[in-house]
Amino acid sequence: MRLWLTSTALALSLAVPAIAQDYVPDPMARQGGSIIITYKDDVATLDPAIGYDWQNWSMIKSLFDGLMDYVPGTTNLRPGLASGYEISEDGTVFTFHLLAGVKFHNGREMTADDVKYSLDRVTNPATQSPGAGFFGSIKGFDAMADGSAVSLEGVEVIDPLTVRITLSRPDATFLHVLALNFASVVPKEAVEAAGADFGKVPVGTGAFKLEEWTIGQRLIFARNTDYWRAGEPYLDQITFEVGQEPIVALLRLQNGEIDVPGDGIPPAKFTEVMADPAQAARVVEGGQLHTGYITLNVKMPPFDNLAVRQAVNMSINKERVVQIINGRAVPATQPLPPSMPGYTQDYAGYAFDPEAAKKMLADAGFPDGFETELFVMNTDPNPRIAQAIQQDLSNVGIKAAIKSLAQANVIAAGGEPDQAPMIWSGGMAWIADFPDPSNFYGPILGCAGAVQGGWNWSWYCNPALDDEAAMADSITDPAKVDERMAMWSDIYMKVMADAPWVPVFNEQRYTMKSARMGGADALYVDPVSIPVNYDYVYVTDVQ
Amino acid sequence: MAAYLIRRLIQAALILLGVSLVTFFLLYLLPADPVRQIAGRSATAQTVQNIREQLGLDQPFVVQYWRYLSGLVQGDFGRSYLQKSEVAVLIWARLPASLLLMAGAISCELLLGLTMGIVAALRRGSMTDQSLMITSFIGVSAPQFVVGLLLLYVFAVRLGWFPIGGYGTFRHLVLPSLTLGILGSGWYSRMMRSSMIDVLRQDYIRTARAKGLARRRVIFRHALPNAILPIIAMIGIDIGIFMGGIVVVESVFGWPGIGQLAWQAIQRVDIPIIMGVTLVSACAIVLGNLLADLVTPFIDPRIRLR
């Protein structure tokens, strides 16, 4: 069977993974006006092959497009620069037909050569892209990674508007990978002209183009009047003011000077803001693909003992931890967040039961508990959360010393097999790159991540589960999506039985906006555009 | 004078070399891997290794330092690991803002500190003296983050006299300068007070008064130039304290200086930026001290440069 998909919603509904109806334009939306967004940190880069923090992620999304995209405000895939695509029956060959007449910001028309160039570039080690690993399933990736090739064997230009991508193995997540910023299409001549500075002078096909960048002060995005999605975006201009403390940004929002504080509501002000009905009305709450967890290093005694890990799971009062962050989360039962496909709805997780935990520890040979260390990133509220965890652990006899360190040091300690017995993941916690259950497994729970310098800080490696994961990801038939999700659900249930983590909470998102900002709430808690989907929000005070 | 200047410049170069060596070594020892920060969480071991080799981070310390130093003497600060931009460009873009803030802060601390110190010395033992010294004590002790937010809330949010953060006009400069200057003014007022009290006891002041000179003339013409000498030397040393302070103050007020750049680089283990900012800061401190030493003989003829 070969699937032929056009960009109509009906045809898309057949595609893998989940593709739903496209966006219905907001009848209230008006074109024009400008908004101001603030951030504390300066923007590191706008190069889609390099940018990998939540701040520049949505900016890059507005400057560039890839072959795939998401329906605004949802986790549902839709084609981006592709007018349609075919997937071979075995799920290893993807043929994309590109939209004609799409222009880069420099005026040149985008072609299949640009798609190939962009994928070659992101996987070329010289680019140093943090996203190169996502393209591991494309044929020829290994030769690119080891430097023996300069072009991906699996990416072929068929004609100026057709590109064929061959995978070395079936990969059910591949369309999601193509929706990542790393897969954005860039013009070769602009990249080569700018060299390493392309991130400061980005040229894409996106809804906005970079008009001005004053380092340390502001970036101004202007509407791309030639944008290929007719009628979009709505805003004429977005100004990103950087270097603003979140608390100062909130004061400015309250003063009517800005429209969205990009770093959110500062924790210390959250209760005050939510207690004021006028302000609370301008806060949009939504879920996000995030889980905060404690890793238990299975290579370090006594966490090599399953009963100990299970006892720790039963000793943490997650409700209380949620209270520490002003209720801005929901207690977690499993590695996947509730809004992720594959989440097991009827699984309650380990019950909070310190008495039973104590008994389990005693049965495991630790009647008096033991001493251990809990690593934590040193920015608020993480040390406070660590203290709550420490107290819960002491209630069952475990004396955990808190090691509060800079983010990079915690990451380094977690990447060593014998340094960090426990890590509270806050500030470094996993937020999905794309809405697929596999994204929560490989690097943080799979054997591939349990290596020196890896991100699997519990050092949990279960080869049988790795095999199951590989099998699940090889199911590319859209008719078998449910089967694949059931497999993933089962994998995470087995992980929970082995208890290498204590999933603590799933953070909620709260985006505050000015009164003049319009657009559906979903755009302000867009799962893939944090804080806001810039292409679809609008202001209500334009004539 | 010329020989003195040359000797001091050579000393300055040696100090900067020492600073670069120590900082580079400390960053080398740091238990955090910059390559992991660059490679991201989805990187394969092969990608990590490639990046390590490209950046030369697989080389021994001596080789890495030598490479850095070779670039440095040619004016090449390297490229940021994460931003990929040239460090010199990033620092150069932000340096004017930090220098402006420093100038504003020095003006504030001199204006406040000297005035408070002089008034306190002239009214020694009075309520005014005690209130001023308590105020200066608060100025020295108050955390700059808190002072900054307090000033911002009162003068920008409540009274609306100044903008809420930002950069560009004189009005933007006032509150961050004041925040940074309050700390120094606390020190200066105390120093100025004791220095002034000391000078006012001198014979030449008594003589000036005995001659029947006006009180204002005695203070400003005879006492002040002598009392201010220790303060001048302090300004040079102060630049080091400023460099620490601007990290916080720039952050509170959204001031686009090198303090913010440094803070972000430290969080992300962006070694070339950390090195660049450290060296530029060290340069400012060394030059500040040199300038203070060069200016002193012009104010106090008793001092000669050797």
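Taken in sequence, the protein lines are chains A and B.
Residues are numbered in this note's numbering as their position in the first sequence, beginning at 1, plus a constant of 23.
Residues are numbered in this note's numbering as their position in the second sequence, beginning at 1, plus a constant of 38.
Glycine included, C-beta positions come from ideal geometry on N, C-alpha and C.
This structure is a prediction, so every number in the text was calculated from the model and none was measured.
* **Where the segment 76 to 101 of chain B meets chain A: residues whose CB sits under 8 Å from a CB there** => Taking 8 Å as the Cβ-Cβ cut-off against chain A, the residues of the segment 76 to 101 of chain B that qualify are Ile76, Ala77, Gly78, Arg79, Ser80, Ala81, Thr82, Ala83, Gln84, Thr85, Val86, Asn88, Ile89 and Gln92.
* Asked: Less than 7 Å separating the beta-carbons of methionine 445 of chain A and isoleucine 339 of chain A?
  -> Within the first sequence, numbered from 1, the residue matching residue 445 of chain A stands at position 422. Within the first sequence, numbered from 1, the residue matching residue 339 of chain A stands at position 316. Taking 7 Å as the Cβ cut-off, methionine 445 of chain A and isoleucine 339 of chain A do not qualify as a contacting pair.
* To do: Determine the direct distance from the alpha carbon of tryptophan 524 of chain A to that of lysine 322 of chain A, and round the result to whole angstroms.
  => Residue 322 of chain A sits at position 299 when you count from the first residue of the first sequence. Residue 524 of chain A sits at position 501 when you count from the first residue of the first sequence. Approximately 13 Å, taken between the alpha carbons.
* **Nearest-angstrom Cα separation, counted from methionine 91 of chain A out to alanine 471 of chain A** => Here the question's residue 471 of chain A lines up with position 448 in the first sequence. Here the question's residue 91 of chain A lines up with position 68 in the first sequence. Cα to Cα, the separation comes out at about 27 Å.
* **Cβ-based neighbour list, aspartate 415 of chain A, same chain, cut-off 6 Å, excluding 5 preceding and 5 following** => In the first sequence, residue 415 of chain A corresponds to position 392, counting from 1. Counting only Cβ-Cβ distances below 6 Å, and skipping sequence neighbours, we find Ser338, Ile339 and Asn340.
* Asked: chain A partners of tyrosine 205 of chain B, CB-CB under 9 Å?
  -> On the second sequence, residue 205 of chain B is found 167 positions in, with the first residue counted as 1. Within 9 Å Cβ-Cβ: Gly239, Gln240 and Gly266.
* Pick out whichever of A:Pro554, A:Met51, A:Asp489 and A:Ser461 has its Cα sitting closest to the Cα of methionine 82 of chain A. => Taking the first sequence and counting its residues from 1, one reaches residue 82 of chain A at position 59. Between methionine 82 of chain A and the set A:Pro554, A:Met51, A:Asp489 and A:Ser461, the nearest pair of CA atoms involves A:Pro554.
* Going by C-alpha distance, which of A:Ile60, A:Gln277, A:Tyr250 and A:Pro193 is nearest aspartate 113 of chain A? -> Numbered from its first residue, the first sequence carries residue 113 of chain A at position 90. Per the C-alpha coordinates, the member of A:Ile60, A:Gln277, A:Tyr250 and A:Pro193 positioned closest to aspartate 113 of chain A is A:Pro193.
* When the distance is taken between beta carbons, is arginine 239 of chain B closer than 7 Å to alanine 158 of chain B? -> Counted from its first residue, the second sequence places residue 158 of chain B at position 120. Counted from its first residue, the second sequence places residue 239 of chain B at position 201. Contact: no.
* Does the beta carbon of glycine 449 of chain A come closer than 7 Å to any beta carbon on chain B? -> Here residue 449 of chain A is taken as the residue at index 426 of the first sequence, counted from 1. No, its Cβ sits nowhere closer than 7 Å to a Cβ of chain B.
* Determine contact between the segment 187 to 203 of chain B and the segment 159 to 174 of chain B, defined as no fewer than three beta-carbon pairs at a distance below 8 Å. => No, because fewer than three Cβ pairs between the segment 187 to 203 of chain B and the segment 159 to 174 of chain B fall closer than 8 Å, the two stretches do not touch.
* Asked: At a Cβ cut of 7 Å, what residues of the segment 113 to 126 of chain B count as close to chain A, listed as they run along the chain?
  -> Cβ contacts with chain A: Arg117, Leu120, Gln121, Lys122 and Ser123.
* Any beta strand (DSSP E) of 3 or more consecutive residues that is wholly inside the segment 234 to 266 of chain B -> Within the segment 234 to 266 of chain B, no complete beta strand (DSSP E) run reaches 3 residues.
* Quick one: what's got a C-beta closer than 6 Å to glutamate 394 of chain A's C-beta in the same chain, skipping five residues either side? -> For the purposes of this step, residue 394 of chain A is taken as residue 371 along the first sequence, with counting starting at 1. Hits under 6 Å: Lys422.
* Closest Cα partner of asparagine 405 of chain A within the set A:Ala387, A:Ser427, A:Pro390 and A:Leu384 -> Mapped onto the first sequence, residue 405 of chain A falls at position 382. Measuring from the Cα of asparagine 405 of chain A, the nearest candidate turns out to be A:Ser427.
* To do: State the Cα-Cα distance for the pair leucine 546 of chain A and proline 71 of chain A, rounded to the nearest angstrom.
  => Here residue 546 of chain A refers to the residue found at position 523 of the first sequence. Here residue 71 of chain A refers to the residue found at position 48 of the first sequence. C-alpha separation (whole angstroms): 22 Å.
* C-beta atoms of tyrosine 557 of chain A and glycine 542 of chain A nearer than 7 Å -> Along the first sequence, one-based indexing puts residue 557 of chain A at 534. Along the first sequence, one-based indexing puts residue 542 of chain A at 519. Not closer than 7 Å, so no.
* Asked: Is the shortest distance between the beta-carbon of alanine 405 of chain A and the beta-carbons of chain B less than 7 Å?
  -> The sequence position of residue 405 of chain A within the first sequence is 382, counting from 1. Checking the displayed sequence, the identity of residue 405 of chain A turns out to be asparagine instead of alanine. False, the Cβ-Cβ gap to chain B never drops below 7 Å.
* Asked: What's the call for aspartate 249 of chain A, buried or exposed, on a 16-neighbour Cβ count within 10 Å?
  -> As a position in the first sequence, residue 249 of chain A is number 226, starting the count at 1. Exposed.
* Asked: List, in order along the chain, the chain A residues whose C-beta lies closer than 8 Å to that of glycine 250 of chain B?
  -> Against the second sequence, residue 250 of chain B aligns to sequence position 212. Chain A residues near glycine 250 of chain B: none, gap ~56 Å exceeds 8 Å.
* Inter-residue spacing [alpha-carbon to alpha-carbon] between phenylalanine 197 of chain A and glycine 74 of chain A -> To locate residue 197 of chain A, count along the first sequence from 1; it is residue 174. To locate residue 74 of chain A, count along the first sequence from 1; it is residue 51. Each residue's alpha carbon lies about 20 Å from the other.
* To do: Using a Cβ-Cβ cut-off of less than 9 Å, give me the residues of the segment 180 to 211 of chain A that come near chain B, in sequence order.
  => Those would be none; no residue qualifies.
* Give the straight-line distance between the Cα atoms of methionine 24 of chain A and isoleucine 498 of chain A, rounded to the nearest whole angstrom. => Counting from 1 along the first sequence, the entry for residue 24 of chain A is found at position 1. Counting from 1 along the first sequence, the entry for residue 498 of chain A is found at position 475. Note on methionine 24 of chain A: pLDDT 31, under 50, position unreliable in the model; no value is reported.
* Going along the chain, which residues of its own chain have a beta-carbon closer than 7 Å to the beta-carbon of arginine 132 of chain B, five neighbours each way excluded? -> Taking the second sequence and counting its residues from 1, the one referred to as residue 132 of chain B is at position 94. Within the same chain, arginine 132 of chain B has close Cβ partners Pro294, Gly295, Ile296 and Leu299.
* Asked: Comparing the C-beta of isoleucine 202 of chain B with each C-beta of chain A, is any distance below 7 Å?
  -> Against the second sequence, residue 202 of chain B aligns to sequence position 164. Closer than 7 Å to some Cβ of chain A, the Cβ of isoleucine 202 of chain B qualifies, so yes.
* Asked: Can you find a C-beta in chain A that's less than 7 Å from the C-beta of valine 345 of chain B?
  -> This structure gives no information on residue 345 of chain B, because the portion of chain B shown stretches from 39 to 344.
* Asked: Where do the N-terminal and C-terminal ends of the beta strand (DSSP E) with threonine 262 of chain A fall, by residue?
  -> Position 239 of the first sequence, counting from 1, holds the residue named residue 262 of chain A. Run containing threonine 262 of chain A: 260 to 265, per the beta strand (DSSP E) assignment.
* Asked: Under the rule that 16 or more other beta-carbon atoms within 10 Å means buried, what is lysine 517 of chain A, buried or exposed?
  -> Along the first sequence, read from residue 1 onward, the residue named residue 517 of chain A stands at position 494. With fewer than 16 Cβ atoms within 10 Å of its Cβ, lysine 517 of chain A is classed as exposed.
* Expressed to the nearest angstrom, what Euclidean distance is found between the alpha-carbon atoms of methionine 154 of chain B and serine 227 of chain B? -> Locating residue 154 of chain B in the second sequence gives position 116, where the first residue counts as 1. Locating residue 227 of chain B in the second sequence gives position 189, where the first residue counts as 1. If I take the Cα positions, the gap works out to 5 Å.
* Could you work out which residues of chain A lie near valine 307 of chain B, taking near to mean beta carbons separated by less than 7 Å? => By 1-based counting over the second sequence, the position of residue 307 of chain B is 269. Correct list: Ala431.
* Asked: Expressed to the nearest angstrom, what Euclidean distance is found between the alpha-carbon atoms of valine 331 of chain A and alanine 522 of chain A?
  -> By one-based count along the first sequence, residue 331 of chain A stands at place 308. By one-based count along the first sequence, residue 522 of chain A stands at place 499. So the two alpha carbons sit approximately 9 Å from each other.
* Closer than 7 Å by beta-carbon distance: list the chain B residues that pair up with phenylalanine 157 of chain A, in chain order. => Locating residue 157 of chain A in the first sequence gives position 134, counting from the first residue. Against chain B, the beta carbon of phenylalanine 157 of chain A has neighbours under 7 Å at Ser80, listed in chain order.
* Return yes when at least one heavy atom of the ligand MG lies under 6 Å from the C-beta of alanine 298 of chain A, else no. => Among the components of this structure there are no ligands whatsoever, and the ligand MG is therefore not found.
* Only counting runs of 4 or more residues, tell me where the alpha helix (DSSP H) segments fall wholly within the segment 529 to 566 of chain A, in order along the chain. => 544 to 547, all fully within the segment 529 to 566 of chain A.
* **In DSSP terms, what isoleucine 62 of chain A is bridged to** => Looking up residue 62 of chain A in the first sequence gives position 39. Before going on, a small fix: residue 62 of chain A reads as tyrosine here, not isoleucine. Beta bridge pairing from DSSP links tyrosine 62 of chain A with A:Val265.
* Asked: Any beta-carbon of chain A closer than 7 Å to the one on serine 289 of chain B?
  -> Counted from its first residue, the second sequence places residue 289 of chain B at position 251. Yes, serine 289 of chain B counts as interfacial toward chain A.
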